[in-house]
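Have a look at the structure below, then the notes.
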Amino acid sequence: MRPKKLRKRKVDILVLSDIHLGTYGCRAKELLNYLRSVSPKQVILNGDIIDIWQFSKRYWPKSHMKVVSHLFKWMSKGVKMHYITGNHDEMLRKFEGFKVGSFRLQNKLVLDLDGEKVWVFHGDVFDVTMQHSRWLTKLGAIGYDTLILINQVVNAISEFFGKGRISLSKKVKNSVKGAVKFINKFEETATTIAAENGYKYVMCGHIHHPEIKAYETEHGQVTYLNSGDWIENLSSLEYNKGEWTIYKYRDEEYAHHAADDTHHEQDYMSDATPKELYGRMLQEMLIVAPKN
1 MRPKKLRKRK VDILVLSDIH LGTYGCRAKE LLNYLRSVSP KQVILNGDII
51 DIWQFSKRYW PKSHMKVVSH LFKWMSKGVK MHYITGNHDE MLRKFEGFKV
101 GSFRLQNKLV LDLDGEKVWV FHGDVFDVTM QHSRWLTKLG AIGYDTLILI
151 NQVVNAISEF FGKGRISLSK KVKNSVKGAV KFINKFEETA TTIAAENGYK
201 YVMCGHIHHP EIKAYETEHG QVTYLNSGDW IENLSSLEYN KGEWTIYKYR
251 DEEYAHHAAD DTHHEQDYMS DATPKELYGR MLQEMLIVAP KN
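Position 165 (the sequence shown) corresponds to 165 in full-length UniProt numbering; numbering is contiguous.
Take a look at the structure:
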């Protein structure tokens with residue numbers, strides 16, 4: 001019996017960040033289900049879409065490529081797409097300003113939305129460890145990915161006994177006062193700088209913490225937006241009918257609509273290096289780019 005097709009929800013703007021394609025922790029199957037359920041007019045990919053830091057040529061599942069292909073499919077239909085670079089895909093920063101069809105590669109973006117300005121960037125600029133101890137940050141990323149792998153085993157056991165999923169990384173972050181303090185400082189810094197520059201909204205990713213929060217600053221109110229991630233929170237930002245909301249993936253929404261083309265995923269690997277992979281993607285972009 002073929003799975004039922006989801007009725008696509010229309011969304012004015014869809015914001016995704018921190019997908020980390022090419023890593024074991026990436027929840028590409030769930031993301032693909034979600035992408036197939038929405039029909040956006042505009043997409044903002046706010047950094048760390050493909051994780052070049054931890055990219056392994058031994059690991060590129062079919063579901064990861066299907067996510068990329070789905071984004072290309074939207075491009076071919078003329079959906080405006082902004083790719084904002086992050087720290088895990090920083091090799092793309094030197095190509096800032098690249099345009100093809102409806103695709104734009106940028107390091108930051110200012111969006112005019114209903115008369116208000118939205119300042120969009122990944123957010124790693126505020127990360128002190130990124131600026132001064134790059135090796136330490138990369139080591140932390142490897143440790144985080146290892147924790148995610150352990151989490152997958154824990155969840156498999158938990159689901160076998162009929163219990164729900166848990167996020168070890170979220171529990172660790174929420175229990176460490178320094179992590180909570182860092183998140184608060186990150187948000188306050190972003191909103192303060194945004195207010196000083198006349199922006200009403202500031203949108204980030206990077207810290208894997210979905211949020212919509214209004215801040216009062218000495219220069220006026222600023223709304224902070226964060227799209228979260230697709231490793232532990234499985235979240236995005238959606239803008240529709242003049243309102244921002246956080247979307248969070250739930251398995252039960254897709255229980256009867258799961259894609260039937262992800263079987264034997266372990267058999268679909270790529271021997272491409274990150275450079276070769278991006279080259280192939282660029283070629284595909286040129287093929288699918290709509291004629292202006």
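Ideal Cβ positions, reconstructed from N, Cα and C, are used throughout, including at glycine.
Which residues in the same chain as residue i place their Cβ atom closer than 7 Å to its Cβ, once the five residues preceding and following it in sequence are excluded?
| i | result |
| --- | --- |
| residue 191 | 202, 215, 217, 222 and 224 |
| residue 244 | 212, 225 and 237 |
| residue 96 | 105, 106 and 107 |
| residue 50 | 21, 22 and 89 |
| residue 32 | 63, 66, 67, 70 and 259 |
| residue 124 | 86, 87, 130 and 206 |
| residue 34 | 249 |
| residue 194 | 119, 202 and 222 |
| residue 183 | 207 and 209 |
| residue 15 | 44, 46, 203, 227, 236 and 237 |
Of all Cβ atoms in chain C, is any one closer than 8 Å to the Cβ of residue i?
| i | result |
| --- | --- |
| residue 184 | No chain C appears in this structure, which consists of one protein chain only. |
Count the other CB atoms within 10 Å of the CB of residue i; is the residue buried (16 or more) or exposed (fewer)?
| i | result |
| --- | --- |
| residue 29 | buried |
| residue 89 | buried |
| residue 293 | For the chain, the structure presents residues 1 to 292; residue 293 sits outside this window and is missing. |
| residue 23 | buried |
| residue 93 | exposed |
| residue 18 | buried |
| residue 48 | buried |
| residue 294 | Because the chain is modelled from 1 through 292, residue 294 falls outside the range shown and cannot be assessed. |
| residue 46 | buried |
| residue 255 | exposed |
| residue 77 | exposed |
| residue 251 | exposed |
| residue 110 | exposed |
| residue 99 | exposed |
| residue 253 | exposed |
| residue 73 | exposed |
| residue 27 | buried |
| residue 185 | exposed |
| residue 294 | Here the chain comprises residues numbered 1 to 292, so residue 294 is not present and cannot be evaluated. |
| residue 116 | exposed |
| residue 229 | buried |
| residue 112 | exposed |
In terms of residue numbering, what span does the beta strand (DSSP E) encompassing residue i cover?
| i | result |
| --- | --- |
| residue 236 | 235-240 |
| residue 214 | 211-217 |
| residue 252 | Careful: residue 252 lies outside any beta strand (DSSP E) and carries neither H nor E. |
| residue 79 | No beta strand (DSSP E) holds residue 79; DSSP gives it neither H nor E. |
| residue 225 | 220-226 |
| residue 13 | 9-16 |
Within a Cβ cutoff of 8 Å, which residues of the same chain sit near residue i, ignoring the five residues on either side of it in sequence?
| i | result |
| --- | --- |
| residue 189 | 126 |
| residue 122 | 17, 46, 47, 48, 84, 85, 86, 87, 204, 205 and 206 |
| residue 242 | 114 |
| residue 79 | 40, 41, 42, 43 and 102 |
| residue 52 | 22, 88, 89, 90, 91 and 274 |
What first and last residue would you give for the alpha helix (DSSP H) that runs through residue i?
| i | result |
| --- | --- |
| residue 65 | 62-76 |
| residue 201 | Where residue 201 is concerned, there is no enclosing alpha helix (DSSP H), although the beta strand (DSSP E) it sits in stretches over 201-204. |
| residue 41 | It is not in any alpha helix (DSSP H) - residue 41 instead sits in the beta strand (DSSP E) that spans 38-46. |
| residue 29 | 28-35 |
Please return the same chain residues whose Cβ sits closer than 6 Å to the Cβ of residue i, not counting the five positions on each side in sequence.
| i | result |
| --- | --- |
| residue 10 | 39 |
| residue 41 | 12 |
| residue 210 | 226, 228, 233, 235 and 246 |
| residue 220 | 195 |
| residue 262 | Because residue 262 carries a pLDDT of 43, less than 50, the predicted location of this residue cannot be relied on, and no value is offered for it. |
| residue 239 | 12 and 13 |
| residue 199 | 117 and 119 |
Is any heavy atom of the ligand NAP found at a distance shorter than 7 Å from the C-beta of residue i?
| i | result |
| --- | --- |
| residue 36 | The ligand NAP is absent from the structure shown, which contains no ligands of any kind. |
Check whether the region 220-227 and the region 187-204 touch, using three or more Cβ-Cβ pairs below 8 Å as the test. yes
Contact between the region 66-81 and the region 105-120 is defined here as three or more beta-carbon pairs at a separation below 8 Å; is this criterion met? No contact exists between the region 66-81 and the region 105-120.
3 or more residues per run - each beta strand (DSSP E) lying fully within the region 83-133: 103-106, 109-113 and 116-120
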